[in-house]
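A.B. asks:
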Amino acid sequence: MSHQETHGFQTEVKQLLQLMIHSLYSNKEIFLRELVSNAADAADKLRYLALTNDALYEGDGELRVRVSADKDKGTVTIEDNGVGMTRDGVIEHLGTIAKSGTAEFFKNLSGDSARDSQLIGQFGVGFYSAFIVAKKVEVFTRAAGHDADEGVKWVSEGEGNFTVETINKADRGTKIVLHLREEEKEFADDWRLRSIITKYSDHISIPVEMWQEGSPEREGEDGEKVPATEGQWKAMNKATALWMRSKSEISDEEYQEFYKHISHDFADALDWSHNKVEGNQEYTSLLYIPSKAPWDLWHRDRKHGLKLFVQRVFIMDDAEQFMPSYLRFVQGLIDSNDLPLNVSREILQDNKVTRTLRQALTKRVLSMLEKLAKDDADKYQQFWAEFGQVLKEGPAEDFANRERIAGLLRFASTHTGNAAPTVSLDDYIARMKEGQERIYYIVADSYEAAANSPHLELLRKKGIEVLLLSERIDEWLINHLNEYKEKQLHSVTRGDLDLGALEDEAEKAEHEQAVKEAESLVQRFKSALGNKVKDVKVTSRLTDTPACVVAGEGEMSSQMIKLMQAAGQPVPEVKPTFELNPAHPLVARLGELQDEQVFGEWAELLLGQATLSEKGSLADPSAFIKLMNKMLLDSQQ
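Just so you know, we're using UniProt numbering here: the sequence shown kicks off at 1 and counts up by one.
What follows is the structure in structure tokens.
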């Protein structure tokens with residue numbers, strides 16, 4: 001007995017429908033790509049389920065997608081004999097968007113249709129793309145293995161609600177009927193549909209068919225009668241798995257369309273690698289580097305990974321076991337001959353074949369990036385701008401490939417004089433001064449804070465390049481990357497700034513003399529500051545600044561303390577070492593002060609300045625401001 005219900009769309013669905021209709025008007029034909037792609041996925045899923053339950057085929061194992069148009073009615077129909085949907089499945093999949101971070105996605109929309117269309121493409125419009133051209137959409141579906149009277153009809157005009165009705169449907173699968181808007185009737189044309197299928201769906205591994213009319217009996221050129229032919233469904237695509245074809249016969253356009261098919265991205269891929277391996281292990285991989293980061297790249301529960309095929313049979317989406325987390329931006333697939341057809345995520349987790357494939361695919365991606373960096377610096381910078389922060393997770397996650405990953409990292413530096421991270425560690429080493437043994441860096445809250453830090457004064461004077469690190473992940477990165485090509489990475493804000501052979505004997509003697517002459521001044525500062533500092537020293541790293549604070553060797557840096565505090569982690573108390581520049585006029589003048597109370601106030605002020613410069617904040621800013629105001633007033637008397 002038929003049972004009909006009316007349901008309201010999820011709020012996000014309503015928003016997406018409105019955005020698509022207004023933002024994707026310049027690329028309307030993608031509706032067919034999306035719907036055909038979904039239909040092909042439904043066929044793939046049935047093929048996988050039928051591995052363990054052949055009865056799901058219901059006597060029809062020839063999987064296909066069929067597309068047809070009716071000019072008179074103004075309709076386009078896309079029909080598949082794939083896995084189909086149950087009533088609950090229809091309500092869930094066609095009425096809601098089950099994606100984490102959906103609300104955040106909508107916050108990112110700007111109202112600029114060109115920009116928003118790219119975001120919508122990353123989000124994956126799928127079924128809802130039908131409403132780009134349709135005023136009404138009807139869906140007729142039945143899940144494989146269910147009775148004919150468990151069919152479902154879904155109808156909506158893409159506004160506030162949809163209806164769901166139980167129907168009889170003899171054959172499994174899904175049929176979607178689009179009732180085109182008056183201005184979109186151009187799509188109710190066989191030639192137009194055929195050209196779109198050829199453009200977007202040639203790579204799909206099951207036939208995408210259209211009806212071809214038969215021909216009447218006619219007379220041939222030799223006078224012989226040519227018999228009439230019947231109409232038939234004919235495949236419009238090659239219907240072979242693109243990744244199994246020879247690279248030489250696949251065009252760049254076909255590779256790009258296949259990328260859009262598997263990623264649901266609207267933009268072209270930046271690069272790709274198609275590789276067939278034979279020997280101890282046999283597999284084919286097709287890996288893509290996207291040109292744009294997905295909007296949910298940083299969502300913790302975002303699914304990522306490769307599509308897994310075994311002997312050309314689709315097994316699962318998002319098989320994360322084949323790609324490390326720091327390469328989670330990679331899209332693509334792997335087709336293995338060495339895994340069982342009934343492989344599960346649990347089996348993959350502890351499978352020797354999986355581990356070997358993961359190692360090989362990781363090296364393949366790193367090779368792609370190395371080649372891109374070498375052959376096309378502009379394209380690599382485009383990649384770095386989108387995915388550089390993700391790649392920085394690599395040295396901590398993948399010790400075996402740490403050096404290769406480090407070679408792919410890019411940084412801002414005092415050499416470039418701008419915030420763009422373009423300097424590689426190899427670039428830095430090539431420019432190292434004679435006798436320089438270390439790679440110097442500084443981590444700060446911003447590029448400006450790093451570039452203007454007093455800790456750079458001596459190194460600037462000597463022309464020594466310093467890497468300027470200002471992203472939140474940089475402190476984490478440096479904690480797992482302490483050397484590169486046998487060169488130690490050394491923070492200019494840590495411990496003694498030992499320049500080794502870069503400091504001549506005269507400079508060392510001059511510093512030793514300064515330390516000796518400032519002994520009593522240092523002692524006064526120690527007394528004034530008490531337990532607020534770990535120690536007070538004379539510095540050699542400053543030229544234009546009166547004082548700075550540094551962390552001792554092996555102690556937690558201020559940036560790491562901030563990271564731990566932001567994560568809600570307990571942080572041990574770390575007192576800084578206070579370094580004085582006796583040559584600075586302010587410090588020299590303080591040495592002449594006789595009033596120890598006034599001296600102590602100035603010492604507090606210098607410590608506050610140095611702490612603010614290093615950390616960007618103070619534990620008690622109001623107390624510092626109060627003290628500074630007092631000192632200003634006192635100076636006017």
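Think of the CB as a built atom: it goes at the ideal place given N, C-alpha and C, for glycine as much as any other residue.
Which two residues bound the contiguous alpha helix (DSSP H) that contains V598?
C.D. replies: E596 to K615
A.B. asks: Determine the contact status of M236 and I262, defining contact as a CB-CB distance below 9 angstroms.
C.D. replies: Taking 9 angstroms as the Cβ cut-off, M236 and I262 do not qualify as a contacting pair.
A.B. asks: What ranges does the beta strand (DSSP E) occupy inside the UniProt domain "Histidine kinase/HSP90-like ATPase" (27–184), keeping only unbroken runs of at least 3 residues that lie completely in it?
C.D. replies: 65–70, 75–80, 134–142, 151–156, 161–167 and 173–180
A.B. asks: Quick check: the Cα distance between A42 and T166, rounded to an integer number of angstroms?
C.D. replies: 21 angstroms
A.B. asks: Rounded to a whole number of angstroms, what is the C-alpha to C-alpha distance between D171 and D44?
C.D. replies: The straight-line gap from Cα to Cα measures roughly 17 angstroms.
A.B. asks: To the nearest angstrom, how far is it from the Cα of L242 to the Cα of N479?
C.D. replies: 43 angstroms
A.B. asks: What residue range does the alpha helix (DSSP H) around W191 cover?
C.D. replies: D190 to Y200
A.B. asks: Kindly list the residues whose CB is nearer than 6 angstroms to the CB of L497, restricted to its own chain and excluding five residues on each side of it in sequence; keep chain order.
C.D. replies: R541
A.B. asks: Is the segment 421–434 touching the segment 350–369 in the sense that three or more CB pairs, one from each, lie closer than 8 angstroms?
C.D. replies: Touching, no.
A.B. asks: Between the segment 71–91 and the segment 136–153, do three or more beta carbon pairs fall short of 8 angstroms?
C.D. replies: The answer is yes - the segment 136–153 touches the segment 71–91, with three or more Cβ pairs under 8 angstroms.
A.B. asks: Could you give the uninterrupted runs of the beta strand (DSSP E) lying entirely in the segment 484–565, keeping only those of 3 residues or more?
C.D. replies: Listed in chain order, the complete beta strand (DSSP E) runs (minimum 3 residues) inside the segment 484–565 are 487–491, 535–538 and 547–550.
A.B. asks: Tell me the start and end of each unbroken beta strand (DSSP E) in the segment 412–485 that is at least 3 residues and wholly inside, in chain order.
C.D. replies: The segment 412–485 contains these whole beta strand (DSSP E) runs: 438–443 and 467–469.
A.B. asks: Within a Cβ cutoff of 8 angstroms, which residues of the same chain sit near H93, ignoring the five residues on either side of it in sequence?
C.D. replies: M85 and F127
A.B. asks: Can I442 and L469 be called in contact, C-beta distance under 9 angstroms?
C.D. replies: Closer than 9 angstroms, so yes.
A.B. asks: Return the first residue and the last residue of the beta strand (DSSP E) that D335 is part of.
C.D. replies: Q331 to S336
A.B. asks: What are the partner residues of Y288, as DSSP defines its beta bridges?
C.D. replies: According to DSSP, Y288 bridges with W272 and Q331.
A.B. asks: So who's on the other strand from K307, going by DSSP bridges?
C.D. replies: L333
A.B. asks: Do A293 and E386 have their CB atoms nearer than 9 angstroms?
C.D. replies: Yes, the Cβ-Cβ distance between A293 and E386 is below 9 angstroms.
A.B. asks: If I follow the unbroken alpha helix (DSSP H) through H261, where does it start and stop?
C.D. replies: First-last of the alpha helix (DSSP H) with H261: D252 to S263.
A.B. asks: Check the DSSP bridge columns for W384 and list the partner residues they point to.
C.D. replies: DSSP output for W384 lists no bridge partner at all.
A.B. asks: Report the rounded CA-to-CA distance for W384 versus D60, giving the unit in angstroms.
C.D. replies: 49 angstroms
A.B. asks: Would you check if the distance between the CB atom of V515 and the CB atom of K537 is smaller than 9 angstroms?
C.D. replies: yes
A.B. asks: Are the beta-carbon atoms belonging to N581 and T539 less than 9 angstroms from one another?
C.D. replies: yes
A.B. asks: For D317, which of helix, strand or coil comes out of DSSP?
C.D. replies: strand
A.B. asks: Leaving out five residues before and five after R47 in sequence, what residues of the same chain have Cβ atoms less than 8 angstroms from its Cβ?
C.D. replies: L63, V313 and F314
A.B. asks: Please list, in chain order, all residues of the same chain as M210 whose beta carbon is under 8 angstroms from its beta carbon, the five residues on each side excluded.
C.D. replies: R66, V67, S68, D190, L193, R194, I197, W233, K234 and M236
A.B. asks: So M210 is in the beta strand (DSSP E); what residue range does that whole segment cover?
C.D. replies: Where M210 is concerned, the enclosing beta strand (DSSP E) stretches over V208 to Q212.
A.B. asks: Where does residue 706 sit, in a helix, a strand or coil, going by DSSP?
C.D. replies: Not covered by the structure: residue 706. The range shown for the chain is 1 to 637.
A.B. asks: Specify whether the segment 354–371 and the segment 321–337 touch according to this definition: at least 3 beta carbon pairs, one from each stretch, less than 8 angstroms apart.
C.D. replies: Touching, per the Cβ criterion.
A.B. asks: Taking three-plus beta-carbon pairs below 8 angstroms as touching, is the segment 247–256 in contact with the segment 218–231?
C.D. replies: In short, these stretches do not touch, since the Cβ pair count stays below three.
A.B. asks: Would R402 and L366 qualify as a contact pair, given that the criterion is a beta-carbon distance under 9 angstroms?
C.D. replies: no
A.B. asks: Looking only at C-alpha atoms, which of S273, Y259 and H274 sits nearest to A267?
C.D. replies: It is Y259 whose Cα lies nearest to the Cα of A267.
A.B. asks: What's the call for K175, buried or exposed, on a 16-neighbour Cβ count within 10 Å?
C.D. replies: buried
A.B. asks: Taking C-alpha atoms, which residue in E434, K392, V550 and G608 lies nearest to L477?
C.D. replies: K392
A.B. asks: Which residue or residues does DSSP assign as beta-bridge partners of L580?
C.D. replies: V538 and A547
A.B. asks: Per DSSP, what kind of secondary structure is Q636 in: helix, strand or coil?
C.D. replies: coil
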